[in-house]
Amino acid sequence: MATTHIKRSTSASRLVNYAEKRAVLKDGLNLDVDYAKSQFKQVREVYGNQGKTQAYASRISFSPKEFDPTNEDDQQKALDIAKEVYQKTYPNQQVALYEHADTDALHIHAVVGAIDLETGKKMHGNWQEYREKLVHNTDEIVQEHGLAVTQVDPERYEKRSMAEIKMQDRGQPTWKDQIRQAVDSTMSNQLIHDFQTFRDDLKQKAIDVWERGKDLTYQLTGTNYKARGNKLGTAYEKGAIYNELERRTRDQRDTQSETRKPDTNRPDSTQSDDERNQELSGHTNSTTKQATTRIDRTTDTNRPSQPKGQSSLSEDIERFKQQQRDQQRTISCDAKRRAKPLQRADKDRQSKDNSRTAKDKQRPTGQQQHVENPKRQPKPNRSKDYGPSR
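All residue numbers for the sequence shown refer to this note's numbering, where the first residue is -2 and numbers rise by one.
Structure below.
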């Protein structure tokens, strides 16, 4: 009986350092296990994929009833089985295998490179599917080697406390049951394709959900009853929810792209019934000829009728330019004819001004016309007429 485990890691070197210290045996797929760290790094640099996730840490553990950790033959057999499992599950990945015998059970640590050697892309998709694929291949291969298959414990997927178990025995639903039922109902709706719609739908069911660290936290609205996703079961964890929503988003995007593709087999709506019938009959040449004739006829019909011997377009343009030049010349002559009387008047006025200026120059300098000032009359002597003044 063998159990499996896998999770993401941001450092392939750290995984190798941990697994290599206590390894009794080691092996590798698509790499030299003695240079695992440098080869993991080399592949990332070659493909230019320096994302956050560098590798995946996985582990296969065997029952001590089937393999003795101190027996060298059992050690080699367990390593061979593990190598076969990872070869089948990740054929295009770099995998470094390290076997530990420091506990009661033999177990093999596997460092799986994140990059596919054929495509150069990282592993992506539904994380739950990767886990289930690894478990399925492990059970299949250990069974081929005559070993027992691990039986799934339902409580591992839906973890319950003692209080919940007692409430369940009494037929009383727990707050975790309410949360599970609400999440199951929401995820059964295929229109839920991102976390925002997932959250909004749960809110209508009186369930609040938010991200906290590496998991999700669910809470009954208006109460203190809440639970983490890993306490509800693997199907309610952040990784499982997000991977399923991402898969739905990709499917929706692919469906929309296929809908936008033009239908090349659809007949042209602008084509007449005669042309369509002729094409269906196989008369391609005659259809092409008739379409060309129709286009020529339409062009001739839309063009205004022209008398015979009419000049070409370039000649018409040249004639139009000549008419413009003639009109401009006529306008210029008319303007000159109208300007002559004005010019003549200006000349007469200028000649008069010049003659007046010449006469002024001929006068002696300082000559002025004197005007006699009238003599001032003497004041009348009023004393003679009126007597002495007072």
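Think of the CB as a built atom: it goes at the ideal place given N, C-alpha and C, for glycine as much as any other residue. Predicted model, so just to flag it, every value in this text is computed and none were measured.
Handout entry: Q253 to L310 span [Cα, whole Å]
Key = 51 Å
Handout entry: Member of T194, L229, G230 and K200 whose CA lies at the smallest distance from the CA of L242
Key = T194
Problem - As assigned by DSSP and simplified to three states, the class of Q216 - result: strand
Exercise for the section: Within the same chain, show all residues whose beta-carbon is closer than 6 Å to that of T50, passing over the 5 residues directly before and after it, in chain order. Expected result: R5 and A111
Practice task
Check Y53 in the structure and name its three-state DSSP category.
Solution key: strand
Handout entry: Backbone secondary structure at V21 - three-state DSSP
Key = coil
Problem - Contacts around A54, its chain only, beta-carbon distance under 6 Å, and the 5 residues preceding and following it disregarded - result: K4, S6 and L12
Handout entry: Helix, strand or coil at V92 according to DSSP, with G and I counted as helix
Key = strand
Problem - Beta-carbon spacing of D71, R19 below 8 Å - result: no
Practice task
Determine the direct distance from the alpha carbon of D323 to that of S348, and round the result to whole angstroms.
Solution key: 37 Å
Handout entry: Alpha-carbon to alpha-carbon, P338 and F317
Key = 34 Å
Handout entry: Check whether Y83 and L144 have beta carbons under 8 Å apart
Key = no
Practice task
Give the single residue among G117, T231, V92 and D29 whose Cα lies nearest to the Cα of G48.
Solution key: G117
Practice task
Using alpha carbons as the reference points, say which of T220, G219 and S185 lies closest to I238.
Solution key: S185
Practice task
Can you tell me which of the three DSSP states I189 falls into?
Solution key: coil
Exercise for the section: Please indicate yes or no: does the CB of T7 lie closer than 7 Å to some heavy atom of the ligand PLP? Expected result: Ligands displayed in this structure: none; no statement on the ligand PLP is therefore possible.
Handout entry: Reduced DSSP secondary structure (H/G/I, E/B, other) of H104
Key = strand
Practice task
Over the uninterrupted alpha helix (DSSP H) stretch that includes R167, give me the two end residues.
Solution key: No alpha helix (DSSP H) contains R167, which DSSP labels as neither H nor E.
Problem - Exposed unless 16 or more other CB atoms sit within 10 angstroms - verdict on S182 - result: exposed
Exercise for the section: Please name the residue in W172, L131 and E141 whose C-alpha comes closest to that of N221. Expected result: W172
Handout entry: V132 beta carbon less than 8 Å from that of Q140
Key = no
Exercise for the section: Taking all protein chains shown into account, decide if T218 is buried (16 or more other Cβ within 10 angstroms of its Cβ) or exposed. Expected result: exposed
Exercise for the section: Using beta-carbon positions only, say whether I57 and A79 come within less than 8 Å of one another. Expected result: yes
Practice task
Note down the Cα distance separating N14 from Y87, rounded to an integer number of angstroms.
Solution key: 22 Å
Problem - Cβ neighbour criterion (16 or more within 10 Å) applied to N351 - result: exposed
Handout entry: Pairwise C-alpha distance: W207 and R244
Key = 20 Å
Practice task
Rounded to whole angstroms, what's the CA-CA distance from V397 to G45? Just pull it up for me.
Solution key: Any property of residue 397 remains undetermined from this structure, which presents the chain solely from -2 to 387.
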